[in-house]
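Peer 1:
Chains as they are written, first to last, in this note's numbering: chain A, 1 to 112; chain P, 113 to 227.
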């Protein structure tokens, strides 16, 4: 059974810092990996999707990388802003269909 | 498109009552997922439909939970009878697999409190 772990569970940084969120998974036979953002009291919003054949995806200040062999993905946030404060979840899809396994998330606070 | 629509947004009920949660996926999407999120257990997949057919319901906690998808534009998740431990946020998500890419889109969730 796929297990997804996100470290750290919580992170507080000053505005402007570059930061890295980590996601690790136990079964490397994945279909894809998706990073989501969840604001308090809201649903999940997709940030980046990396297919198993890809190594990274970029969107604005966000860059996600994937290393299947080591079972790891990182989400890099450049020049963090208070508006980046949210919980970030990674979801790993595996097998013949996309049934994702979610991590518990990293709760990020960016203070001015 | 309005995105994934869920109703009600909030539900407070008493133990033993029947609860029905509703979801309208994004038009054209062929996969639908029901999730439950709690502080203790995080986000859990309850059931997954593809082309209106339940593919994986191994996450459904017990017989008190049932889900249906009578057509491509509507799904329900029913809890009967409800219990306090069912209190959680229930999310519906839909997706479309296109050229090997499949991105999930989540609804705003239904916050359920069972007293």
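Glycine included, C-beta positions come from ideal geometry on N, C-alpha and C.
Because the structure is a prediction, the values reported are computed rather than measured.
1) Residue 99 of chain A versus chain P: which residues are under 7 Å apart at the beta carbon?
2) Which one or two residues does DSSP pair with residue 166 of chain P in a beta bridge?
3) Output the boundary residues of the beta strand (DSSP E) element that contains residue 66 of chain A.
4) At the level of alpha carbons, what is the spacing between residue 84 of chain A and residue 122 of chain P?
5) Counting only beta-carbon atoms, is residue 25 of chain A nearer than 8 Å to chain P?
6) Taking one C-beta from the stretch 32-40 of chain A and one from the stretch 191-209 of chain P each time, how about it: are there three or more such pairs within less than 8 Å?
7) So, is the C-beta of residue 115 of chain A closer than 8 Å to a C-beta in chain P?
8) So what does DSSP say about residue 197 of chain P, is it helix, strand or coil?
9) Using three-state DSSP, classify residue 154 of chain P as helix, strand or coil.
Peer 2: Considering the structure as presented:
1) Start at 1 with the first residue of the first chain, and residue 99 of chain A comes out as number 99. By Cβ distance, chain P contributes 157, 160 and 168.
2) The residue given as residue 166 of chain P occupies position 54 in the second chain. Its beta-bridge partners are P:161.
3) The count along the first chain starts at 1 and reaches residue 66 of chain A at position 66. Element bounds for residue 66 of chain A: 62-67.
4) Numbered from 1 along the first chain, position 84 holds the residue referred to as residue 84 of chain A. Numbered from 1 along the second chain, position 10 holds the residue referred to as residue 122 of chain P. Here the alpha carbon of residue 84 of chain A sits roughly 26 Å from the alpha carbon of residue 122 of chain P.
5) For the purposes of this step, residue 25 of chain A is taken as residue 25 along the first chain, with counting starting at 1. The beta-carbon of residue 25 of chain A is placed no less than 8 Å from the nearest beta-carbon of chain P.
6) With the cut-off at 8 Å, the stretch 32-40 of chain A and the stretch 191-209 of chain P do not touch.
7) With chain A covering only 1 through 112, there is no way to say anything about residue 115 of chain A.
8) If you number the second chain from 1, residue 197 of chain P lands on position 85. In the three-state reduction of the DSSP assignment, residue 197 of chain P falls in the helix class, which pools H, G and I.
9) Here residue 154 of chain P is taken as the residue at index 42 of the second chain, counted from 1. Here residue 154 of chain P sits in strand by DSSP.
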